[in-house]
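Chemist:
Residue numbers (our numbering), protein chains in the order written: chain P, 1 to 624; chain Y, 625 to 978.
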């Protein structure tokens with residue numbers, strides 16, 4: 001079968017009939033190991049993102065401590081514990097407000113009862129939202145914001161015969177005044193693990209005689225006793241006496257009685273006088289105790305409180321308004337005012353009075369003068385009273401905004417965190433650089449020469465590496481103090497061995513290769529072989545491990561701070577975090593924000609390191 | 625092989641001895657801290673130190689001439705007991721190297737590691753350690769029991785679903801969680817479960833509390849301790865299993881007709897476990913150590929907490945013993961790790977030259 005030709009034979013022509021074939025120059029661009037690694041690194045998305053985050057964090061660590069105007073060195077307790085603020089107030093999220101739950105409510109001033117010394121006005125004006133419990137909570141302790149309740153008079157030992165007394169101050173009762181005493185008791189049983197006891201009530205006269213109101217009994221009904229009648233019966237016109245409650249002590253358990261109120265009544269001018277022993281609010285009576293003449297009731301046993309009513313509230317408060325907000329009627333001395341006038345912040349004429357105040361610049365702490373006080377004799381200005389924003393008084397031109405809030409010392413947490421991070425990064429970089437260089441040289445010598453040199457160097461590493469880093473750090477800190485240099489030294493002591501070990505392994509791998517042999521045959525020196533031929537090949541792994549030393553250094557520093565061995569004298573991230581740990585319950589932002597920064601840093605470093613490792617690994621070349 | 629094991633153990637022992645010697649000398653070179661307590665306690669402490677050979681004791685009539693002479697010879701006296709029947713005892717510091725010789729003798733002949741000076745005055749170090757080590761151990765054993773199976777299972781799961789959403793999720797989570805420092809994790813867990821939700825106690829329950837509270841008290845520490853090791857095992861197992869799954873012998877196993885399950889269970893898993901098992905063994909040694917940060921933050925009375933306490937009390941003898949424990953544990957873990965490779969994997973010939 002004849003083949004059908006698709007092409008005519010003259011359609012082809014031979015190349016290279018005349019010319020010789022030479023090596024041609026490569027048309028693709030030559031690439032180096034590092035360029036190639038960079039290209040492969042760029043393909044790894046998560047590592048690139050990590051690198052960007054890392055770069056941002058490092059930039060922040062460089063810029064923030066320098067650029068932020070806020071204070072992280074001088075303790076300013078009035079500005080402590082401000083909430084984090086990013087958005088304007090009222091947005092409800094990250095706006096400088098703080099939600100507090102289950103806080104005692106001050107029913108008199110209608111504000112939450114906070115332990116810090118804020119004025120009622122400031123508190124009231126900064127409240128964003130408040131929800132007071134509709135029903136009071138009953139507690140068995142004396143709270144200054146509590147109300148009502150029952151006075152609990154209890155024996156302080158379960159010993160028979162050791163009765164306890166509760167006695168009023170001495171007042172004079174009269175037979176003519178139609179005077180009565182009204183005592184309300186409460187029959188509640190088994191309070192606070194004790195038992196109701198037998199009791200008696202009587203008047204104990206200053207002359208030593210007694211008039212019984214109710215003798216020992218277990219009858220807890222109301223007592224309504226006609227004192228005047230009893231006095232008449234005893235043949236007295238007036239009787240100076242104390243009202244005394246006595247609770248009988250028994251051997252088995254603690255005994256108590258509960259008194260709700262005591263009221264006296266009568267006619268004539270004496271009624272008011274004897275009313276001084278009255279009380280209807282048991283909580284107030286217990287708290288005031290002998291401080292207040294009206295509540296003077298002395299006790300030989302335990303004077304406690306049962307079922308005191310307090311209200312709890314949940315509230316949201318604008319901490320910035322609280323600390324920096326409007327402050328009315330603040331008094332400033334004439335010297336302070338003079339300083340402002342001299343500085344050109346405002347002008348004031350004391351002869352004209354408050355109307356003459358003119359605010360010239362933003363530095364001026366007050367907005368207007370409400371009143372002035374002039375020395376009546378010398379006619380000189382003593383002081384002025386003005387109103388304005390507190391932040392001006394504290395030295396700010398505008399309302400400050402703390403991104404992470406402030407800590408117990410009133411320091412800006414954002415600036416402090418990044419100042420600490422800067423220290424950590426410097427420490428980490430210095431350590432990594434030293435360990436990199438030292439480990440490289442050590443590993444190179446050990447790996448290249450091998451033999452006895454290697455053996456000795458390895459044993460040395462074994463011993464040094466056998467010491468746990470925490471032990472090493474502790475010993476260094478105990479001997480040299482916890483300063484930056486000690487940390488650097490101690491971290492270097494434990495850090496370089498990793499690099500040395502890796503370098504040594506790489507040298508063992510490469511030193512027998514043909515290219516090394518070839519170079520040696522050509523007469524290269526050891527130094528040249530090490531640094532020109534072997535080292536560049538193992539650079540990738542070693543660089544990666546050195547980069548990963550930075551986060552581990554940061555981690556070590558923070559860990560030591562948690563063990564009370566933190567870096568002193570410089571801003572330290574770890575020390576800041578461990579100091580703030582105690583506020584985790586109340587002010588979680590103090591821990592959570594730095595923790596997030598720390599975690600972000602660590603995650604980015606690790607992802608970045610992983611990407612770097614993959615990029616530098618020649619065996620992965622072209623596998624994607 | 626037996627020879628190699630013995631050689632490794634002896635080497636580790638020598639290393640430990642050198643490290644402990646260095647630590648001892650460095651600790652003893654620290655400035656002397658007076659023990660706390662009244663004269664009776666001080667005398668008891670110094671007499672013990674004298675018996676151990678760490679101080680000199682002289683009985684003499686209290687005189688300035690005697691003090692001047694001996695202070696010149698031995699340095700300032702550490703303690704002078706009150707005058708009793710005309711004389712008093714002077715205690716002087718023995719030079720550090722001589723103390724070191726005494727220490728070696730005490731440990732070798734009597735297993736005497738010294739006494740506490742201010743933390744629990746005059747209680748022997750071994751008693752203090754023994755009373756605390758159980759807390760650390762118990763906690764760590766529980767966490768290992770939880771973390772090893774969990775970590776390995778997660779790793780296997782990720783490896784079997786390699787390059788799927790499951791795998792990526794697990795790997796990313798592991799990556800993130802392994803990077804989060806332990807104190808950050810503890811802070812978050814405490815915040816959420818103790819303060820916000822109030823489910824768990826915010827510190828270690830006292831020995832007198834109820835069984836339920838005690839069990840609850842274990843949850844946070846065990847969780848925090850297991851966390852990083854779960855991540856570690858997961859990552860390790862995934863990497864190993866992935867490598868094995870791509871090997872030729874697994875392909876052969878499939879080719880000869882084994883199902884995927886059979887091939888994985890009988891061939892892949894067994895081989896993947898080879899490098900994982902030693903690290904589990906090493907972790908079991910590490911359980912003695914506990915976590916200092918966790919013990920400190922959660923108030924667990926273990927030997928990690930002891931480290932901080934003895935540091936705060938400047939009770940350096942106890943600190944030294946605690947350091948010795950940590951050093952020994954880490955060395956032992958290293959040896960066990962190395963040796964177990966050889967026992968598990970017959971292909972690795974231990975101590976072979978090439």
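Idealized CB from N, CA, C, for every residue including glycine.
In the DSSP assignment, find the alpha helix (DSSP H) that holds residue 874 of chain Y and state where it starts and stops.
Modeler: 872-879
Chemist: Using the Cβ count rule (16 or more neighbours within 10 Å means buried), how would you classify residue 673 of chain Y?
Modeler: Within a 10 Å sphere around the beta-carbon of residue 673 of chain Y sit 16 or more other beta-carbons, which makes this residue buried.
Chemist: Whose C-alpha, out of Y:743, Y:925, Y:718 and Y:966, is nearest the C-alpha of residue 829 of chain Y?
Modeler: Between residue 829 of chain Y and the set Y:743, Y:925, Y:718 and Y:966, the nearest pair of CA atoms involves Y:925.
Chemist: Can you confirm whether the region 588-605 of chain P touches the region 44-54 of chain P when touching is taken to mean that 3 or more C-beta pairs between the two stretches lie within less than 8 Å?
Modeler: yes
Chemist: Between the region 63-75 of chain P and the region 412-425 of chain P, can you find at least three pairs of beta-carbon atoms closer than 8 Å?
Modeler: yes
Chemist: Is it true that the region 196-211 of chain P meets the region 237-248 of chain P, where meeting means three or more beta-carbon pairs spaced less than 8 Å apart?
Modeler: The region 196-211 of chain P and the region 237-248 of chain P touch, with no fewer than 3 CB-CB distances between them shorter than 8 Å.
Chemist: Quick one: complete beta strand (DSSP E) runs, 3+ long, within the region 22-96 of chain P?
Modeler: Listed in chain order, there is nothing to give.
Chemist: Measuring straight from C-alpha to C-alpha, what distance separates residue 744 of chain Y and residue 934 of chain Y?
Modeler: 10 Å
Chemist: So is residue 652 of chain P buried or exposed if we call it buried at 16+ other beta carbons inside 10 Å?
Modeler: One cannot answer for residue 652 of chain P here, as it falls past the ends of chain P, which runs 1 to 624.
Chemist: When you compare only the Cα positions, how much space is there between residue 293 of chain P and residue 331 of chain P?
Modeler: Unreliable positioning characterises residue 293 of chain P in this predicted model, as indicated by a pLDDT of 48, which lies under 50. A coordinate reading is not provided.
Chemist: Looking at the C-beta of residue 819 of chain Y, does it have a partner C-beta in chain P at a distance below 7 Å?
Modeler: Chain P, which has a Cβ nearer than 7 Å to the Cβ of residue 819 of chain Y, makes this yes.
Chemist: Go to residue 427 of chain P, then tell me how far its alpha helix (DSSP H) extends in each direction, as first and last residue.
Modeler: 413-449
Chemist: Would you check if the region 229-238 of chain P and the region 181-194 of chain P touch, i.e. whether three or more CB-CB distances between them fall below 8 Å?
Modeler: no
Chemist: Scan the region 306-355 of chain P and note each continuous beta strand (DSSP E) run of 3 residues or more that stays entirely inside, going in chain order.
Modeler: 308-310, 312-318 and 326-333
Chemist: How about residue 239 of chain P and residue 205 of chain P: are their beta carbons less than 7 Å apart?
Modeler: Yes, these two residues count as a Cβ contact at 7 Å.
Chemist: Should residue 528 of chain P go down as buried or exposed, given a rule of 16 or more other Cβ atoms within 10 Å for buried?
Modeler: exposed
Chemist: Under the rule that 16 or more other beta-carbon atoms within 10 Å means buried, what is residue 555 of chain P, buried or exposed?
Modeler: It counts as buried.
Chemist: Roughly how many angstroms lie between the CA atoms of residue 623 of chain P and residue 614 of chain P, to the nearest whole one?
Modeler: In this prediction, residue 623 of chain P has a pLDDT of 49, which is less than 50 and means its spatial position is unreliable; what the coordinates show is noted afterwards. So the alpha carbons of these two residues sit roughly 11 Å apart.
Chemist: If we count the other Cβ atoms within 10 Å of its Cβ and call it buried at 16 or more, is residue 978 of chain Y buried or exposed?
Modeler: In this prediction, residue 978 of chain Y has a pLDDT of 40, which is less than 50 and means its spatial position is unreliable; nothing more can be read from the coordinates.
Chemist: Are the CB atoms of residue 313 of chain P and residue 130 of chain P nearer to each other than 7 Å?
Modeler: A contact, by the Cβ cut-off of 7 Å.
Chemist: So is residue 815 of chain Y in contact with chain P if we call contact Cβ pairs under 7 Å?
Modeler: yes
Chemist: Nearest to residue 681 of chain Y by alpha carbon, out of Y:918, Y:817, Y:704 and Y:738?
Modeler: Shortest Cα-Cα distance from residue 681 of chain Y to any of Y:918, Y:817, Y:704 and Y:738 involves Y:704.
Chemist: With a threshold of 7 Å between beta-carbons, can residue 606 of chain P be considered close to chain Y, or not?
Modeler: yes
Chemist: Within a Cβ cutoff of 7 Å, which residues of the same chain sit near residue 411 of chain P, ignoring the five residues on either side of it in sequence?
Modeler: 71 and 72
Chemist: Taking 7 Å as the CB-CB cut-off, is residue 463 of chain P touching chain Y?
Modeler: yes
Chemist: Residue 901 of chain Y and residue 953 of chain Y: beta carbons closer than 7 Å?
Modeler: no
Chemist: Under 7 Å between C-beta atoms, does residue 871 of chain Y make it to chain P?
Modeler: For residue 871 of chain Y, the answer is no, since every Cβ of chain P falls outside 7 Å of its Cβ.
Chemist: What is the rounded straight-line gap between the Cα of residue 649 of chain Y and the Cα of residue 738 of chain Y?
Modeler: Computed Cα separation, rounded: 14 Å.
Chemist: So if DSSP puts residue 299 of chain P in a beta bridge, which residue, or which two residues, is it bridged to?
Modeler: P:166
Chemist: Buried or exposed, going by whether 16 or more other CB atoms sit within 10 Å of the CB of residue 595 of chain P?
Modeler: buried
Chemist: Using 7 Å as the threshold, is the C-beta distance between residue 553 of chain P and residue 431 of chain P below it?
Modeler: Yes, these two residues count as a Cβ contact at 7 Å.
Chemist: Leaving out the 5 sequence neighbours to the left and right, which residues in its chain are closer than 6 Å to residue 634 of chain Y when beta-carbon positions are compared?
Modeler: none
Chemist: Going by the beta-carbon positions, is the gap between residue 211 of chain P and residue 225 of chain P smaller than 7 Å?
Modeler: no
Chemist: Give me the chain P residues within the contact set of residue 920 of chain Y, using Cβ-Cβ distance strictly less than 7 Å, ordered along the chain.
Modeler: 562 and 563
Chemist: Assess, as a yes-or-no matter, whether the region 713-731 of chain Y is touched by the region 642-658 of chain Y under the definition of 3 or more beta carbon pairs within less than 8 Å.
Modeler: yes
Chemist: State the DSSP-derived secondary structure class of residue 257 of chain P, mapped to helix, strand or coil.
Modeler: Residue state, collapsed to three classes: strand.
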